[in-house]
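Following full-length UniProt numbering, the numbering of the sequence shown begins with 1 at its first residue and continues without gaps. What follows is a single structure, written as structure tokens, with notes after it.
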Amino acid sequence: MEVAKRSCGTCRARRIRCDRAIPTCQQCSNSKRKCVGYDIRLFWPNNARRAVVFDPVQAGRAAGPALETRLVHTTCWDVEMHYYLIDSLRNSHKGPTLEIPLMWNPSELDVNGRDLLHYFQCAASQSLTTFTHAPAHLGEVLMRIALAGTTPSATAVLKSLLALASLHRDGVQTQAYQLKISSIRALMALSSHPKTSWGDMEVMQHVAAGMLLCSFEVYQSSCTSGQWTLYIDGVKDVLRAHCVKGTYIKADEHSDLVTLMDWVYYHEVMARFSRRHWRPDANALPDQTADVPNIEVSEAKEPAMLLTESTLDLLSEVCDTVAMPYHCRPTTAKEMEDHKSFQTVLDWRLREAPLLKKAAINSETAKIVGLYYLAMLVYLSRVTDNLLEQAARTQEQIDRAFCLFAEFLSCERQFPLFILGCKARTDEQRDVVLALIARTEKRASSRSLNQVKLIVQAIWAQEDLAVSGSKVGYWDTMTTIISSCSIVPSLV
1 MEVAKRSCGT CRARRIRCDR AIPTCQQCSN SKRKCVGYDI RLFWPNNARR AVVFDPVQAG
61 RAAGPALETR LVHTTCWDVE MHYYLIDSLR NSHKGPTLEI PLMWNPSELD VNGRDLLHYF
121 QCAASQSLTT FTHAPAHLGE VLMRIALAGT TPSATAVLKS LLALASLHRD GVQTQAYQLK
181 ISSIRALMAL SSHPKTSWGD MEVMQHVAAG MLLCSFEVYQ SSCTSGQWTL YIDGVKDVLR
241 AHCVKGTYIK ADEHSDLVTL MDWVYYHEVM ARFSRRHWRP DANALPDQTA DVPNIEVSEA
301 KEPAMLLTES TLDLLSEVCD TVAMPYHCRP TTAKEMEDHK SFQTVLDWRL REAPLLKKAA
361 INSETAKIVG LYYLAMLVYL SRVTDNLLEQ AARTQEQIDR AFCLFAEFLS CERQFPLFIL
421 GCKARTDEQR DVVLALIART EKRASSRSLN QVKLIVQAIW AQEDLAVSGS KVGYWDTMTT
481 IISSCSIVPS LV
């Protein structure tokens, strides 16, 4: 008779001897019990057995080399971008697109204009981005210009001002866009008249409306906010038609226009930087745009204002220094020597900025300006492939920047946050950057940092995925990631 190798489950449970007969044992048949057979059965331990757990310390000792495994925080998009970057034929096809989500508020709101105007004065004006004037001062100038009359140009300023207030107060919703459209229609009515016939007030109102619409777009960066550079171009056209370069303006008569010009200049410089890296057409050269017309002002300026203006001028030069990828430039010995000499002078000017040493400014302004200088120095070194051979000094500048990041309660300035944040290599440094972004977004004066955060994290992922000896340089990584955005990033 054929027998099984082990007792049946029923006999084992009864703790009796099993005759192991197949297909069922005789003990179960005689006692009229169901024989559960000889297969392996699952065993559910009692509470005492459940307390016996796996010892992770012992497992760690046994794991050996597995402890050195490094986790890379990447997504499928990051891996796709990695293979696109290392593809020598990437210019023949389009890479993945980095989409910025749109947070839509479906509520139907009808907040009256008086409340929105008051809200702009108290809160929304703090989100205006300028470099040489306080946001509160700029907000006062805009309110004064908006309430200067009932002409189409004044209406355009008022509607765009209310649109920004509505967006700041209630997020992306219908009323904000209706006010924005009303402002655009008022500007269209104004544009039916020749620009040369406009007076100073009409010019200021057109500039103010255009820059408020630009601020509307950059406040909530999303896949639908790509028009901000068009508004800057429109404002520059108006100024170019009205102003002759070198025109002398008395500050006591046109102080509001001077404030607006500084506002435009800062956004124009930032737009120029973004455009030189944002190239959806991989074969296109970086965009070259005309400068904002210069206006000479007769007023004596505070040291802090002189310092910030000097910083913007240097940032403008840095943006124009590298007009194309470094490896695509002429490489004759004389051209390279001339270019290296120019880079050496610019690097020296950035490191030895005299106003940083002798201007009487408050510490907060000094730290913000110092952050811009560090960002420019790091960018200049990396985008030229360490032409000046200052790798050690560049690393010191990066370390100093992260010390400043840890001290800041917030950092509304997105350009240094982006340039220096991309250089975070350790988890600790990346935690510092993300924590600073989180603190900044909680402030009423902050714009959305979602786009900057997504780009920085995408560059981190590419740095982690890069293999040793990779030929993908700083310019290629920066340009490819920025070009993957569906809109021009606003780093104001």
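Backbone N, C-alpha and C define an ideal beta-carbon position, used for all residues, glycine too. Only a predicted model underlies this, so the values are computations on that prediction, with no experimental measurement involved.
Residue i and residue j look like a contact to me (Cβ under 8 Å); what is the Cβ gap, rounded to whole Å?
{"i": "Leu-315", "j": "Met-261", "result": "With a Cβ gap of about 16 Å, Leu-315 and Met-261 do not count as contacting."}
{"i": "Cys-422", "j": "Val-472", "result": "Contact flag wrong, Cβ pair sits at about 14 Å."}
{"i": "Leu-449", "j": "Thr-440", "result": "6 Å"}
{"i": "Arg-443", "j": "Ser-410", "result": "5 Å"}
{"i": "Ser-215", "j": "Leu-138", "result": "Ser-215 to Leu-138, Cβ: 10 Å. No contact."}
{"i": "Ser-445", "j": "Ser-160", "result": "With 8 Å as the limit, Ser-445 and Ser-160 do not qualify as a contact, their Cβ atoms being about 19 Å apart."}
{"i": "Ala-438", "j": "Arg-430", "result": "That pair is no contact at about 12 Å."}
{"i": "Ala-208", "j": "Ser-183", "result": "Not quite, the Cβ-Cβ distance comes to about 11 Å (not below 8 Å), so this is no contact."}
{"i": "Ala-186", "j": "Pro-152", "result": "5 Å"}
{"i": "Val-269", "j": "Gln-175", "result": "32 Å between Cβ atoms; not a contact."}
{"i": "Phe-405", "j": "Val-383", "result": "No, Phe-405 and Val-383 are not in contact; Cβ-Cβ is about 21 Å, not under 8 Å."}
{"i": "Leu-162", "j": "Leu-117", "result": "7 Å"}
Opposite residue i in the DSSP bridges: which residues?
{"i": "Cys-8", "result": "DSSP, once it has assigned bridges, lists no residue as partnering Cys-8."}
{"i": "Cys-485", "result": "Leu-98"}
{"i": "Ala-21", "result": "Val-3"}
Rounding to the nearest angstrom, what Cα-Cα distance links residue i and residue j in this structure?
{"i": "Trp-228", "j": "Tyr-265", "result": "14 Å"}
{"i": "Ser-298", "j": "Leu-257", "result": "For Ser-298, the pLDDT reaches just 43, beneath the cut-off of 50, and the residue's location in the model is therefore unreliable, although a value from the coordinates is still provided. Cα to Cα, the separation comes out at about 13 Å."}
{"i": "Ser-192", "j": "Leu-102", "result": "34 Å"}
{"i": "Ala-392", "j": "Asp-399", "result": "11 Å"}
{"i": "Leu-167", "j": "Gln-451", "result": "17 Å"}
{"i": "Leu-374", "j": "Gly-226", "result": "28 Å"}
{"i": "Pro-280", "j": "His-93", "result": "11 Å"}
{"i": "Thr-365", "j": "Thr-75", "result": "38 Å"}
{"i": "Glu-389", "j": "Leu-454", "result": "31 Å"}
{"i": "Gly-171", "j": "Thr-344", "result": "46 Å"}
{"i": "His-73", "j": "Ala-333", "result": "43 Å"}
{"i": "Val-79", "j": "Leu-85", "result": "10 Å"}
{"i": "Gln-462", "j": "Ile-368", "result": "28 Å"}
{"i": "Ile-100", "j": "Asp-39", "result": "57 Å"}
{"i": "Lys-301", "j": "Lys-180", "result": "Any reading at Lys-301 is ruled out, since the residue's pLDDT is 49, under 50, leaving its predicted position unreliable."}
{"i": "Leu-306", "j": "Pro-489", "result": "Unreliable placement is indicated for Leu-306, whose pLDDT of 48 sits below 50; no coordinate value is reported for it."}
{"i": "His-133", "j": "Leu-465", "result": "42 Å"}
{"i": "Gln-220", "j": "Val-378", "result": "28 Å"}
{"i": "Cys-122", "j": "Glu-217", "result": "20 Å"}
Only counting the same chain, and skipping five residues up and downstream in sequence, which positions put a Cβ closer than 7 Å to that of residue i?
{"i": "residue 522", "result": "Since the first residue of the chain shown is 1 and the last is 492, residue 522 is not available in this structure."}
{"i": "Met-204", "result": "Ile-145, Asp-256, Leu-257 and Leu-260"}
{"i": "Gln-27", "result": "Cys-11, Ile-16, Cys-18 and Asp-19"}
{"i": "residue 493", "result": "Outside the displayed range of the chain (1 to 492) lies residue 493, so it cannot be described from this structure."}
{"i": "Trp-263", "result": "Thr-130, Leu-138 and Met-211"}
{"i": "Val-238", "result": "Lys-195, Val-203, His-206 and Val-207"}
{"i": "Gly-234", "result": "Gly-210"}
Quick one: what's got a C-beta closer than 6 Å to residue i's C-beta in the same chain, skipping five residues either side?
{"i": "Ala-148", "result": "Ala-154"}
{"i": "Phe-418", "result": "Val-452 and Leu-491"}
{"i": "Pro-416", "result": "Leu-371, Tyr-372 and Ala-375"}
{"i": "Leu-190", "result": "Pro-152 and Ser-153"}
{"i": "Leu-158", "result": "Ala-146"}
{"i": "Trp-77", "result": "Pro-96"}
Taking the beta carbon of residue i as the centre, do at least 16 other beta carbons fall within 10 Å, making it buried, or is it exposed?
{"i": "Met-336", "result": "exposed"}
{"i": "Gly-199", "result": "exposed"}
{"i": "Ser-341", "result": "exposed"}
{"i": "Pro-23", "result": "exposed"}
{"i": "Pro-194", "result": "exposed"}
{"i": "Val-318", "result": "buried"}
{"i": "Val-467", "result": "exposed"}
{"i": "Gln-395", "result": "exposed"}
{"i": "Met-188", "result": "exposed"}
{"i": "Asp-87", "result": "exposed"}
{"i": "Cys-25", "result": "buried"}
{"i": "Trp-278", "result": "buried"}
{"i": "Trp-348", "result": "exposed"}
{"i": "Glu-412", "result": "buried"}
Between residue i and the rest of its own chain, which residues show a CB-CB distance below 8 Å, the 5 nearest in sequence each way excluded?
{"i": "Val-3", "result": "Asp-19, Arg-20, Ala-21 and Ile-22"}
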